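Offset between the sequence shown (1-based) and the numbering used here: plus 69.
Even glycine gets a Cβ: it sits at the ideal position worked out from N, Cα and C.
These numbers were taken from a predicted model, which means no experiment stands behind them.
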Amino acid sequence: MKSKSNIISFVFIITALFLAVMFHLAIKRNYGNDFENFNSLHFLLDVFLILGAGLLIRFVIARNDKRNINILKQLQTINTEIKDSNERYDIVAKATSDTIWDWKIQTDEFVWNKGIYGVFGYKKSDVGNTSNWWFDRIHPEDSVKMSIKLYSFLEQKTERWQDEYRFKCADGTYKYVFDRGFLLKDSEGKAVRMIGAIQDVTKQKEEEQRLKLLETVITQTKDAVVITDTDISTNSIPNIIFVNEAFTKMTGYERNEVVGKSPAMFAGPKSDTTEFIRLAEAIKKYKECFIETISYKKNGEEYWVNFSMIPVTNKEGEHSHWISIQRDVTTEKNQEREREQLIQELTRNNKDLKQFSYITSHNFRAPLSNLTGLLNLLDDVPIENEELQEILNGFKRSTHLLNETIDDLVKVVIIKDNPSIQKEAVLVEEIFENVFFQLNNQITLLKPNIKINIEEGLRITINKAYLESIVLNLLSNALKYRSLSKTPKVSIKAFEKNNLITLTVKDNGIGIDLNKNSDKIFGLYQRFHNYPDSKGLGLYLVKSQVEAMGGTIEVESHVNVGTQFTLTFKKE
């Protein structure tokens, strides 16, 4: 700046001297030697005047430059402060994730910072520059309340305002926000400007709602909830800090009677100490634990309790509490004990029945064999009395039926007493061929319409004898219980699907009334028709054999329409 003022002064002096010389030369040319002495004096005066004026100009310019330099330095300082302030403002805005807004109330000019884009997803072109754009994006349920509070604040002219509401995002969803504003007023106290910061509190709000929900669950649940601290310096099981109402109902203890004490106080003479030791070990290792033991109520009454101890951590991952869910399982324990006793009795009775069946069948075998032998001898003895012959024939038939009944009972006992039967891979088509051969006489006599649809090469790993017995029973029943008013029809299907083998046997016989007999269809000695040779044992045997091989059987039947049995087995 100093060199600049020197240059200006020097240029001024040179220019002024040049003009003065030119002026005096012109005078000399016009007036000659008459004014030579006067002109010289005047020229010297002009030179001194010019030099003085140049020095004065230099002084003024230098002083002005100095003042400008000071002003420039002040401006630079102010600019630096503004820049630093803006940088701090941006850093704070980023650090707090706040959305800053600036509202010039008189002109209704509204300015947002970058938070409106990053937090709420708006594009720059989407954001309006008036307060209406702000109000239009406040949730309708919050808009009226928030507007009343804001304008009431403006009327009162207090400096600070805050509110919580839902603000609409660019994608149409809403976020919970906490908004704080600061009011600026002019010299007359009139509100002219308001600056605010919107903070996204959606996660905090959701967490708050979740905690309220959990609090409701804890207070309203029928299960007892116990919360303890983590200090095990005095007790192996930490002290209680909270119990819900369900705990009071279950134990009889009020909250103030148990807070600050260890849950070990509920143990008694019949409590399982090994369970408490296991619980204490799990607590030391901060591991979840489930135990079941006898506990004692305030009145000394025993009850079975099933409870868990679950560790809880805070945001930093530090173990802060234990939560215990407790349930009175006395009723279930009593029922379990009763079931065990019943199972033991049934097992014992089942063994007794099996033994009785073996003994009975064995003891009946010898006299039946003798009786059958004697009756066979009578075949060679001529009997003239017809009544006596009829009695002997009836006696012979009854003996034969009794022998068959004993054979069937032995089959049932063998099936029920043999949990692991021998299995082999058999061709399903071969099973049906064997059964048709055994029923050849009946098929020839009755001439039924038989349709067979068996997948080619279909094999199943099963007990061959059992499967033949099942198919024989179902097909013989289809022929035996045929309708006399129509041609017998039997449809047989066998196919594989999803590694399961399905067999169906369907007939158009007289059917069974399932409305009356659905719970008896596979019962022992259950008869549904008045047929003289019906013993009510066939379907019981079928179901027993199917289940012994891990299969299932279903039946569909309608009176005078027909019956269908569906059997399902695993392929292997």
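Element boundaries [alpha helix (DSSP H), containing residue i]
{"i": "Gly620", "result": "First-last for Gly620: undefined, no H or E at that position."}
{"i": "Tyr535", "result": "533-549"}
{"i": "Asp205", "result": "200-205"}
{"i": "Leu253", "result": "Premise fails: Leu253 lies in the beta strand (DSSP E), 243-254, not in any alpha helix (DSSP H)."}
{"i": "Lys639", "result": "Where Lys639 is concerned, there is no enclosing alpha helix (DSSP H), although the beta strand (DSSP E) it sits in stretches over 631-639."}
{"i": "Gly184", "result": "184-187"}
{"i": "Pro209", "result": "209-225"}
{"i": "Leu583", "result": "583-586"}
For residue i, the three-state DSSP class (helix, strand or coil)
{"i": "Lys516", "result": "coil"}
{"i": "Asn510", "result": "helix"}
{"i": "Phe104", "result": "Its pLDDT being 48, under 50, Phe104 is placed unreliably in this model, and the value from its coordinates should be taken loosely. Helix, per DSSP."}
{"i": "Glu401", "result": "helix"}
{"i": "Asp177", "result": "coil"}
{"i": "Phe501", "result": "helix"}
{"i": "Asn133", "result": "helix"}
{"i": "Asp240", "result": "coil"}
{"i": "Asn462", "result": "helix"}
{"i": "Lys367", "result": "coil"}
{"i": "Phe376", "result": "strand"}
{"i": "Ile392", "result": "strand"}
{"i": "Ser613", "result": "helix"}
{"i": "Ile452", "result": "coil"}
{"i": "Asp167", "result": "coil"}
{"i": "Glu387", "result": "coil"}
{"i": "Glu257", "result": "coil"}
{"i": "Ser552", "result": "coil"}
{"i": "His627", "result": "strand"}
Enclosing beta strand (DSSP E) for residue i [first to last residue]
{"i": "Glu493", "result": "493-496"}
{"i": "Gln268", "result": "260-269"}
{"i": "Leu527", "result": "Here Leu527 belongs to no beta strand (DSSP E), and DSSP marks it neither H nor E."}
{"i": "Ser560", "result": "558-566"}
{"i": "Val574", "result": "569-576"}
Whole-angstrom distance between residue j and residue i, CA atom to CA atom
{"i": "Glu276", "j": "Lys244", "result": "13 Å"}
{"i": "Tyr365", "j": "Cys238", "result": "57 Å"}
{"i": "Asn546", "j": "Ala293", "result": "59 Å"}
{"i": "Lys259", "j": "Trp391", "result": "57 Å"}
{"i": "Glu370", "j": "Gly386", "result": "40 Å"}
{"i": "Phe189", "j": "Lys353", "result": "46 Å"}
{"i": "Ile622", "j": "Ile363", "result": "44 Å"}
{"i": "Arg249", "j": "Phe359", "result": "49 Å"}
{"i": "Ile523", "j": "Leu544", "result": "15 Å"}
{"i": "Leu141", "j": "Arg262", "result": "30 Å"}
{"i": "Thr303", "j": "Glu405", "result": "37 Å"}
{"i": "Glu641", "j": "Leu415", "result": "32 Å"}
{"i": "Ile267", "j": "Tyr191", "result": "15 Å"}
{"i": "Glu361", "j": "Val295", "result": "16 Å"}
{"i": "Ile529", "j": "Asn568", "result": "10 Å"}
{"i": "Ile169", "j": "Ile185", "result": "8 Å"}
{"i": "Val177", "j": "Asp255", "result": "A quick correction: the sequence has Asp, not Val, at residue 177. Answer to the nearest angstrom: the Cα atoms are 16 Å apart."}
{"i": "Glu210", "j": "Phe345", "result": "54 Å"}
{"i": "Phe104", "j": "Ile83", "result": "Low confidence applies here, because Phe104 scores a pLDDT of 48, under 50, leaving its location unreliable and the question unanswered by this model."}
{"i": "Arg417", "j": "Asp588", "result": "26 Å"}
{"i": "Glu456", "j": "Thr513", "result": "35 Å"}
{"i": "Ala315", "j": "Lys367", "result": "14 Å"}
{"i": "Lys193", "j": "Glu357", "result": "52 Å"}
{"i": "Glu625", "j": "Leu411", "result": "34 Å"}
{"i": "Lys549", "j": "Gln413", "result": "41 Å"}
{"i": "Asp298", "j": "Ala333", "result": "14 Å"}
{"i": "Glu459", "j": "Asn532", "result": "43 Å"}
{"i": "Leu348", "j": "Asp171", "result": "60 Å"}
{"i": "Arg279", "j": "Thr271", "result": "12 Å"}
Three or more C-beta pairs below 8 Å linking the stretch 291-309 and the stretch 326-342 = yes
Taking three-plus beta-carbon pairs below 8 Å as touching, is the stretch 555-562 in contact with the stretch 608-622?
-> no
Flag this pair as touching only if the stretch 563-579 and the stretch 624-637 have three or more C-beta atom pairs under 8 Å; answer yes or no.
-> yes
What are the uninterrupted segments assigned as alpha helix (DSSP H) that are 4 or more residues long and contained completely in the stretch 283-365, given in chain order?
-> Complete alpha helix (DSSP H) runs here, min 4: 314-320, 324-327, 342-353.
Does the pairing of the stretch 394-403 with the stretch 373-384 give three or more beta-carbon distances under 8 Å?
-> yes
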